[in-house]
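Report on one structure; see the data block that follows.
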Amino acid sequence: MLLEWDALPELIDAYDRRFRLLEKEAIAAIDLRIDNALQVLERAFIPTYTALLLNPSLTPSQKRAVLMDQLRQQSQLINPAMEADYLDLFEQLIETNTQGGAQLGRELTGHSAPVISTVAIAALAAEAVRRLYSHNARFQSKLSALAEFGFSRRQGARAMLTEIRKGAGELKTRARAIVETEASGALNGGAIATYQAAGVALVMFYTVGDDKVCGYCSPRQGLVYQLGEIATPLHVFCRCLLLPLLEVDLRDPRFQKWSRAASLAAMKELRNAGKRVANSVAPFERAAGRDRPPKPTWSPR
1 MLLEWDALPE LIDAYDRRFR LLEKEAIAAI DLRIDNALQV LERAFIPTYT ALLLNPSLTP
61 SQKRAVLMDQ LRQQSQLINP AMEADYLDLF EQLIETNTQG GAQLGRELTG HSAPVISTVA
121 IAALAAEAVR RLYSHNARFQ SKLSALAEFG FSRRQGARAM LTEIRKGAGE LKTRARAIVE
181 TEASGALNGG AIATYQAAGV ALVMFYTVGD DKVCGYCSPR QGLVYQLGEI ATPLHVFCRC
241 LLLPLLEVDL RDPRFQKWSR AASLAAMKEL RNAGKRVANS VAPFERAAGR DRPPKPTWSP
301 R
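Each residue of the sequence shown is one higher than the last, beginning at 1 in the numbering used here.
See below:
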């Protein structure tokens, strides 16, 4: 580690603030597109739904089928026609964050970053967009079920709109989760690629300051792992980082003191938030096929 340990929090916070702004811009762009599509849906929904509700010749399921057929395009809040725009948005986000992670790695190791793979970035962006559209498909399915329920209960269009807006809000939350997960993964990915190029063998788990604490991340603050044994993010909205270490760092009293203090502070924040330690495998680790948490090489406790 090239920096003094006491200087590390300020550097990490600066990177976190910088890349939060990029995430917010991407989230705002997606939110705006969802809002615009929702306005189109609302304008089409009220007259269509009301006319069908008052039609005595159709059953609720028939009414739902007619409604969804007429509103099929408007109910796609993540418009398939804008797929190229979404791909571009995620490619830019992932590339910028990967470069930022590589820059962080260079500041911490003094080693130049490797060339970033545009093919890998395009693949990550495509997967992010696929997940985005899968959430849109769930919204459409929910809208279909809401319409059938509304017709069977003879609910008015205004009551139905409340539920539709709620569903749109949930879609925004899912989109935000995708943006922040991809951004965090790219930042760590760029840093780790630089560590590998520098011959780093150890990494320390570092929780990034936020107004949220987590039972998975806080207990891992200061734990040291073999490079490749652990990956971040651990869960949705996780912003934690992996920082490079040398074997000599583990024997340095200054590092030991700093790491112990950081670990105690993280656990205190967790207790103050009324949350419990989660010693089990983290959500993204479970999704990757792990059945137990990675084993640390060294602990400050």
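C-beta atoms are modelled at their ideal positions from N, C-alpha and C, and glycine is treated no differently.
According to DSSP, is residue i helix, strand or coil?
i    : result
L243 : strand
I178 : helix
I78  : coil
G199 : coil
R154 : coil
E148 : helix
G189 : helix
E4   : coil
G215 : coil
What does DSSP give as the partner residue(s) for residue i in the beta ladder?
i    : result
R224 : Note on residue identity: the sequence assigns Val, not Arg, to residue 224. Beta-bridge pairing links V224 to M204 and W298.
I230 : L227
Under DSSP, the alpha helix (DSSP H) around residue i begins and ends at which residues?
i    : result
R290 : Careful: R290 lies outside any alpha helix (DSSP H) and carries neither H nor E.
Ordered along the chain, which non-local residues of its own chain (more than five positions away) have a Cβ less than 7 Å from that of residue i?
i    : result
T96  : L22
A168 : I34, L38 and L77
G185 : P233
F255 : W5 and D249
L187 : F19, N97, G100 and G101
Can you list, in chain order, the residues of its chain whose CB lies under 8 Å from that of residue i, leaving out five sequence neighbours each side?
i    : result
L161 : E42, F45 and I46
R260 : G222, P300 and R301
V66  : L52 and L58
Q70  : A44 and T48
Tell me which same chain residues have a C-beta within less than 6 Å of the C-beta of residue i, skipping the five on either side of it?
i    : result
A128 : F90, I178 and E182
M204 : V224, L243 and L245
I230 : P294
Any beta strand (DSSP E) of 3 or more consecutive residues that is wholly inside the region 232 to 281: DSSP runs (the beta strand (DSSP E)) wholly in the region 232 to 281: 241 to 245.
Completely contained alpha helix (DSSP H) runs for the region 82 to 146, where each covers 4 or more residues: Segments of the alpha helix (DSSP H) lying fully in the region 82 to 146: 83 to 109.
Every unbroken alpha helix (DSSP H) within the region 14 to 72, with a cutoff of 4 residues, ordered by chain: Complete alpha helix (DSSP H) runs here, min 4: 60 to 70.
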